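Sequence order for the protein chains is X and S. Going letter by letter, the first sequence gives residues 8 to 326 in my numbering. Going letter by letter, the second sequence gives residues 18 to 267 in my numbering. Beta carbons: idealized from backbone N, C-alpha and C, even for Gly. If you're wondering where the values come from, they're calculated on a predicted model, not measured in any experiment.
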Amino acid sequence: MKSNGRSGTRETAIAAVALLIVLVVPFVHRSPAFEDFVIRLSAMALFATSLNLLVGNTGMVSFGHGMFYGLGAYAFALMMQMTELSLPVAAMLAVLFTTLAALCVGAICVRLSTDYFAFITLAFQMLIYSVIISWQSLTGGDQGLRGGLPRREIFGFDLASQLHLYQCCAVVAVLGLLALRHISASPFGQTLRMIRDNESRTGFLGVVLWRARLWAFTIAGGFAGLGGVLAALFVSGAYPELADWPNSGQAIFAVMLGGINSFLGPVLGAAMLLALNDVVARVTEYQGLVLGIVILIFALGLRRGVLDFFRVAWSKDSQ
Amino acid sequence: MKLEIRHLTKSFGGVRAIDDVSLTFPSGSLSAVIGPNGAGKSTFFNLISGAFAPDAGEVLLEDHDVVGRSKTERMQLGIGRAFQVASCFPSMTVAENLMAAVTARIGEWGNIVRRFPPPGVRERAGEVMELVGLTHVENVEAAILSHGDQKLLDIAIALALEPKVLLLDEPTAGMGPDERWRMIERVRRLWDQRKLTLVFIEHDMDIVFQVASTIRVLCYGRVLAEGTPDQIRNNQAVIDAYLGKEEHAA
Ligand SMILES: Nc1ncnc2c1ncn2[C@@H]1O[C@H](COP(=O)(O)OP(=O)(O)O)[C@@H](O)[C@H]1O
Ligand SMILES: [Mg+2]
Numbered sequence: 008m009k010s011n012g013r014s015g016t017r018e019t020a021i022a023a024v025a026l027l028i029v030l031v032v033p034f035v036h037r038s039p040a041f042e043d044f045v046i047r048l049s050a051m052a053l054f055a056t057s058l059n060l061l062v063g064n065t066g067m068v069s070f071g072h073g074m075f076y077g078l079g080a081y082a083f084a085l086m087m088q089m090t091e092l093s094l095p096v097a098a099m100l101a102v103l104f105t106t107l108a109a110l111c112v113g114a115i116c117v118r119l120s121t122d123y124f125a126f127i128t129l130a131f132q133m134l135i136y137s138v139i140i141s142w143q144s145l146t147g148g149d150q151g152l153r154g155g156l157p158r159r160e161i162f163g164f165d166l167a168s169q170l171h172l173y174q175c176c177a178v179v180a181v182l183g184l185l186a187l188r189h190i191s192a193s194p195f196g197q198t199l200r201m202i203r204d205n206e207s208r209t210g211f212l213g214v215v216l217w218r219a220r221l222w223a224f225t226i227a228g229g230f231a232g233l234g235g236v237l238a239a240l241f242v243s244g245a246y247p248e249l250a251d252w253p254n255s256g257q258a259i260f261a262v263m264l265g266g267i268n269s270f271l272g273p274v275l276g277a278a279m280l281l282a283l284n285d286v287v288a289r290v291t292e293y294q295g296l297v298l299g300i301v302i303l304i305f306a307l308g309l310r311r312g313v314l315d316f317f318r319v320a321w322s323k324d325s326q
Numbered sequence: 018m019k020l021e022i023r024h025l026t027k028s029f030g031g032v033r034a035i036d037d038v039s040l041t042f043p044s045g046s047l048s049a050v051i052g053p054n055g056a057g058k059s060t061f062f063n064l065i066s067g068a069f070a071p072d073a074g075e076v077l078l079e080d081h082d083v084v085g086r087s088k089t090e091r092m093q094l095g096i097g098r099a100f101q102v103a104s105c106f107p108s109m110t111v112a113e114n115l116m117a118a119v120t121a122r123i124g125e126w127g128n129i130v131r132r133f134p135p136p137g138v139r140e141r142a143g144e145v146m147e148l149v150g151l152t153h154v155e156n157v158e159a160a161i162l163s164h165g166d167q168k169l170l171d172i173a174i175a176l177a178l179e180p181k182v183l184l185l186d187e188p189t190a191g192m193g194p195d196e197r198w199r200m201i202e203r204v205r206r207l208w209d210q211r212k213l214t215l216v217f218i219e220h221d222m223d224i225v226f227q228v229a230s231t232i233r234v235l236c237y238g239r240v241l242a243e244g245t246p247d248q249i250r251n252n253q254a255v256i257d258a259y260l261g262k263e264e265h266a267a
């Protein structure tokens, strides 16, 4: 990895081209199914990539990342329904709220040993999930927040239009991923890799381990919240399932499927998972079974995520 | 920088790993610590570098007690160490290992605005690489370095933190005879060039007697003897406890 100012520019260029292509597609060919897919993918990609800041970069396996996805969705949907705030402001406040929530949860979790960390994040998720379920008057309980999001135009954007939603989600997701990429390529990102590689030595270099972990956890929570905002836009509300543990499991699957050591691994994993979900749902009701088998095949066949697999194969070839 | 230890004591359960040890390492000295396995040598380093807190005693750096200070503060004050089992960052290249260490040293480890490495860091890492002789493996991942190069990298990481006092825990562990001498020659050069107060733990008596100007012998957590190579060679207690059965020690 030869990271320097140049490669930063290159990444931005790649992101801009990718975004451009995604934005042009609807003008060439309208496909509601494809647009739907991209919208869901943008939420899921932020969710999975932010989780990978913990799993892949830092070696912290959180089983409860979905709580921040759910919190972001609820915070945003509630703010839209209960206040007159404009959409971008509500979105930013929702992300801020989620970030603070992650800071609080992280403050309790990050000093724990690896096993307990995974366990406690799961416990926090269950706590938040039950609060959402039981606080009926605010959250609508297990029915979720219904009634839709008020249609407020921003800069000529109408989020009831699928095309506009598609454009908005694509832009937000690409910007969010770029920001995460930047963090992972920063000195702080390097510090997280040091912790993953050799925690005790990192402690001898002057790094305050818990502080680095807490930062990572907080940032990851914030970006998961941003993913949750996009999810809320897509479903026009929020559902408890967004904050439930199977959803955290989806993010972990996406990360493992795509590859934890490649920045875009989780994005690819999210795309694969969504596509699989769609296909499998069409042909069988035993979704979980089929998904489980497919993931097992990948895990046992490649022994690593898809992008990681190709990277290793490629670097072997070039030697 | 002078390192002085006074009445240092540390027990693990019932075992007194370090038992009322008092030693002085004058500024710029090159000393060896020897002793049979389990004598408490690594524990001694752990107490000085702040990995463990002692039960009692003082660790004085230029007459200031650092026992209450954290690992980080001790690093900043100038105590550096390398480990008995080479400790580096396996997934990173040699250059990245050292750049990461330099970045931490200049307090930039939490920076999320910049790109890694921050300005000037690559150059400083390059100097350290040159100094220890790792430039030829600059872009090799630490995980696939030879054992000797991993030990060197561990020392280089310590050097990147610009220590005044450097503790090397068995720098030649696991090496063949020729490699050992090459390693210890490098260590001696580093000591000379950087004007370090250097303490190393070593089992090879030929090396110890050749290289160190003073030798401290630990046994069951206590100081059995200290002195010049000649004094130690002829010390009856040391011969009985250690030198006589040297072959079991390694
Ligand atoms: N972290 C630890 N916990 C418990 N006992 C320890 C620990 N570190 C060292 N010891 C014990 O302290 C004694 C000295 O060990 P050590 O300092 O590693 O010896 P040396 O480096 O001289 O071979 C041994 O009996 C060892 O078992
Ligand atoms: Mg030892």
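Proximity test, residue i beta-carbon vs ligand 2 heavy atom, cut-off 7 Å
i: S/Ser59; result: yes
i: S/Gln101; result: yes
i: S/Asp186; result: yes
Within chain X, the residues that residue i reaches when beta carbons sit closer than 7 Å
i: S/Asn252; result: Result: empty, since nearest Cβ-Cβ is about 34 Å, beyond 7 Å.
i: S/Ala190; result: Within chain X, no residue comes near S/Ala190; the closest Cβ sits about 17 Å away, beyond 7 Å.
i: S/Ala117; result: Gln197, Met201
Test: residue i CB closer than 8 Å to a CB of chain X
i: S/Phe106; result: yes
i: S/Gln93; result: yes
i: S/Lys88; result: yes
i: S/Arg132; result: yes
i: S/Arg122; result: yes
i: S/Gly127; result: yes
i: S/Ala267; result: In this predicted model, S/Ala267 has a pLDDT of only 41, less than 50, meaning its place in the structure is not dependable; the value taken from the coordinates is given anyway. Taking Cβ atoms only, chain X never reaches closer than 8 Å to S/Ala267, which makes this a no.
i: S/Met146; result: no
i: S/Leu178; result: yes
i: S/Met109; result: yes
Cβ-heavy atom distance, residue i to ligand 1, below 7 Å
i: S/Phe29; result: yes
i: X/Gly210; result: no
i: X/Ala97; result: no
i: S/Val38; result: no
i: X/Ala261; result: no
i: S/Gly124; result: no
i: S/Gly52; result: yes
i: S/Ala34; result: yes
i: S/Ala56; result: yes
Residue i CB to nearest heavy atom of ligand 3 below 7 Å
i: X/Val242; result: With respect to small molecules bound, the structure shown includes ligand 1 and ligand 2 and not ligand 3.
Interface partners of residue i on chain X, CB under 9 Å
i: S/Asn63; result: Ordered by position in chain X, no residue passes the 9 Å Cβ test against S/Asn63, which lies about 11 Å from the chain.
is_contact[residue i, chain S] using C-beta, thresh 8 Å
i: X/Asp315; result: no
i: X/Ser10; result: Residue confidence for X/Ser10 is low, a pLDDT of 43 falling below 50, so the modelled location carries little weight and cannot support an answer.
i: X/Leu281; result: no
i: X/Pro273; result: no
i: X/Ser269; result: no
i: X/Ala219; result: yes
i: X/Asn3; result: Since the first and last residues shown for chain X are 8 and 326, residue 3 of chain X lies out of range.
i: X/Trp222; result: yes
i: X/Arg318; result: no
i: X/Phe124; result: no
i: X/Ile329; result: A query on residue 329 of chain X cannot be resolved here, the shown segment of chain X reaching from 8 to 326 and no further.
Per-residue contacts from residue i into chain S (C-beta, under 9 Å)
i: X/Gly196; result: Ile129, Phe133
i: X/Val214; result: Thr89, Ala121, Trp126, Gly127
i: X/Arg159; result: Chain S residues near X/Arg159: none, gap ~32 Å exceeds 9 Å.
Residue i: contacting residues in chain S (beta-carbon distance under 8 Å)
i: X/Ser193; result: Asn128, Ile129, Val130, Arg131, Arg132, Phe133
i: X/Asn205; result: Ser104, Cys105, Phe106, Pro107
Contacts that residue i makes with chain S (C-beta to C-beta distance below 7 Å)
i: X/Gly15; result: Arg132
i: X/Gly210; result: Lys88
Legend entry - Touching by the beta-carbon criterion (3+ pairs, under 8 Å), the segment 274 to 284 of chain X and the segment 100 to 113 of chain X: No, the segment 274 to 284 of chain X does not touch the segment 100 to 113 of chain X.
Legend entry - Stretch-stretch touch, CB-based, cutoff 8 Å, three pairs: the segment 11 to 31 of chain X with the segment 235 to 243 of chain X: The segment 11 to 31 of chain X makes no contact with the segment 235 to 243 of chain X, as fewer than three CB pairs between them are under 8 Å.
Inset, instruction - Would you check if there are 3 or more beta carbon pairs closer than 8 Å linking the segment 249 to 261 of chain S to the segment 74 to 89 of chain S? - result: Here the segment 249 to 261 of chain S makes no contact with the segment 74 to 89 of chain S; the two share fewer than three CB pairs at distances below 8 Å.
Legend entry - At least three beta-carbon pairs within less than 8 Å, the segment 151 to 164 of chain S to the segment 215 to 230 of chain X: The segment 151 to 164 of chain S is not in contact with the segment 215 to 230 of chain X.
Inset, instruction - Please determine if the segment 158 to 169 of chain S and the segment 97 to 106 of chain S are in contact, where contact requires at least 3 C-beta pairs separated by less than 8 Å. - result: Yes: at least three Cβ pairs fall under 8 Å.
Legend entry - Inter-stretch contact (C-beta, 8 Å, three-pair minimum) for the segment 243 to 253 of chain X and the segment 194 to 209 of chain X: As far as the Cβ criterion goes, the segment 243 to 253 of chain X does not touch the segment 194 to 209 of chain X, which means the pair count is below three.
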